[in-house]
Amino acid sequence: MVHQECINFLSGRLQRIIYILESNSYNSLADIVNNLETLMGTFADVINSPSNSNDLDEEMPHAILQCLHFLCGAVDQLDRLNTDQIVTQTRHPIVGTSTGQRGRPKFCIPVETLEYFLDNDFSVPQIAHLLSLSKRTIFRRMSEYDLSVRNLYSGITDEEIDTQVIKVLYQYPNIGCRSICSHLRASGLRVPVSKVRDSSRRVDLDGVVFRKLTSSPIQRRIYSVPGPNCLWHVDGYHKLISWRFVIHGGIDGYSRLPVYLKVNNNNRSQTVLDCFKHAVHEYGVRERVRSDKGGENIGIAEYMLRTQGCERGSHITEKSVLNQRIERFWRDLWCGCVNVFYNLFCYMETNNILVPTD
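Numbering (our numbering), first residue to last: 2 to 359.
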């Protein structure tokens with residue numbers, strides 16, 4: 002039974018991936034590779050689960066895994082060929098400096114730049130792409146400055162990682178590996194995502210399999226903006242409105258950076274505008290803002306029209322459900338945080354511990 006359910010799940014997801022490839026409706030082939038790797042990991046977890054050991058044949062699961070592996074490698078190769086044809090552009094080029102010796106000028110990268118990227122969890126390939134340099138050049142400069150990615154991680158054992166992961170999952174059982182890493186980072190621990198992923202499988206294998214099987218990502222239209230601060234998406238989240246809590250948030254459409262996120266006890270226009278102005282002060286001027294047609298966004302609309310001008314789309318209004326970036330962020334916020342408080346408040350109401358009207 003479990004065997005057939007897994008086969009049906011894999012078949013449906015693979016058909017969806019094939020449709021996306023044929024219709025050319027993907028942002029990048031790297032996304033397809035990630036989806037295939039997720040399928041491989043899910044099926045491997047199901048195979049290795051003790052409860053399913055008697056339900057699965059010996060040869061077929063491994064044959065399916067091998068097919069997925071070959072398909073993933075083929076798509077990855079296509080992604081590399083496609084990437085080689087793209088001319089990399091950057092807004093912060095590194096200028097070569099002559100050293101007085103033979104050869105091409107040396108690319109001088111400030112140590113502060115490398116430290117900033119490493120502290121914010123950028124990988125070496127990502128740094129090389131952003132600076133339009135080779136990975137080997139980045140590694141050489143890191144060696145000159147005595148910088149190492151490995152030295153940034155906390156020196157803790159797998160048992161200690163398991164203990165910390167159990168604590169996080171006890172509070173937030175629905176979050177994934179990257180969210181767990183963020184919680185550990187907030188507590189002062191820096192652990193590689195690979196180790197957190199392995200730890201999650203050790204301490205909560207059934208939960209990992211359940212989350213992967215129940216997740217059904219929606220393939221949306223390609224989202225495209227020129228760069229950071231070109232378009233912000235703002236909205237209010239009213240899941241806790243019964244208890245007089247309103248969450249106001251804004252997210253950058255290009256980087257998906259939450260520019261502001263605050264819980265308030267009202268939904269007034271001035272309250273939302275104060276949150277927005279604080280984000281502008283911290284992250285700079287944005288070209289356009291998108292929101293729904295709610296009255297709480299009037300202050301932001303007036304501010305944008307006054308500072309950025311009229312008749313240029315400074316403030317875009319649409320239905321709330323079409324505000325894609327912020328709506329997707331609300332889903333993550335619900336799974337990782339808000340649902341805990343929602344269930345807590347409902348439980349307190351049921352047991353007459355909390356009376357919302359007081």
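Ideal Cβ positions, reconstructed from N, Cα and C, are used throughout, including at glycine.
Remember, predicted model here, so these are calculated numbers, not experimental data.
Is residue i buried or exposed, if buried means 16 or more other CB atoms sit within 10 Å of its CB?
i, result
"tyrosine 348", "exposed"
"arginine 287", "buried"
"leucine 323", "exposed"
"leucine 115", "buried"
"leucine 232", "buried"
"cysteine 276", "buried"
"isoleucine 354", "exposed"
"isoleucine 162", "buried"
"isoleucine 327", "buried"
"cysteine 109", "exposed"
"valine 88", "Legend: pLDDT at valine 88 = 35, less than 50; position of this residue unreliable, value from coordinates given subsequently. The residue is exposed, with fewer than 16 neighbouring Cβ atoms inside 10 Å."
"glutamine 165", "buried"
"leucine 345", "exposed"
"alanine 280", "buried"
"histidine 239", "exposed"
"glutamine 271", "exposed"
"arginine 92", "No answer about arginine 92 holds up, because its pLDDT of 43 lies below 50 and its placement is not dependable."
"serine 243", "exposed"
"glycine 285", "exposed"
Identify the continuous beta strand (DSSP E) that holds residue i and give its terminal residues.
i, result
"serine 292", "289-292"
"tryptophan 233", "232-238"
"threonine 318", "316-318"
In this structure, what does DSSP give as the bridge partners for residue i?
i, result
"tyrosine 261", "Gly251"
Thinking residue i and residue j are a contact (beta carbons under 8 Å), I'd like their distance in whole angstroms, please.
i, j, result
"histidine 316", "valine 290", "5 Å"
"glycine 208", "proline 174", "7 Å"
"isoleucine 139", "isoleucine 157", "So it is not a contact: roughly 27 Å between Cβ atoms."
"valine 125", "lysine 136", "5 Å"
"serine 256", "aspartate 293", "That pair is no contact at about 22 Å."
"aspartate 253", "asparagine 230", "7 Å"
Grab the span of the alpha helix (DSSP H) containing residue i for me, first residue to last.
i, result
"threonine 308", "299-309"
"isoleucine 181", "178-187"
"tryptophan 331", "325-334"
"cysteine 347", "340-351"
"phenylalanine 140", "136-145"
"phenylalanine 246", "It is not in any alpha helix (DSSP H) - phenylalanine 246 carries neither H nor E in the DSSP assignment."
"threonine 358", "Looking at the DSSP string, threonine 358 is not in any alpha helix (DSSP H), and its letter there is neither H nor E."
"arginine 126", "A small correction: the amino acid at residue 126 is proline; arginine does not occupy that position in the sequence shown. It spans 125-132 - the alpha helix (DSSP H) in which proline 126 sits, taken as one unbroken run."
Taking CB distances under 9 Å as the criterion, tell me whether residue i reaches chain B.
i, result
"asparagine 298", "Judged by its chain identifiers, the structure shown contains no chain B, having just a single protein chain."
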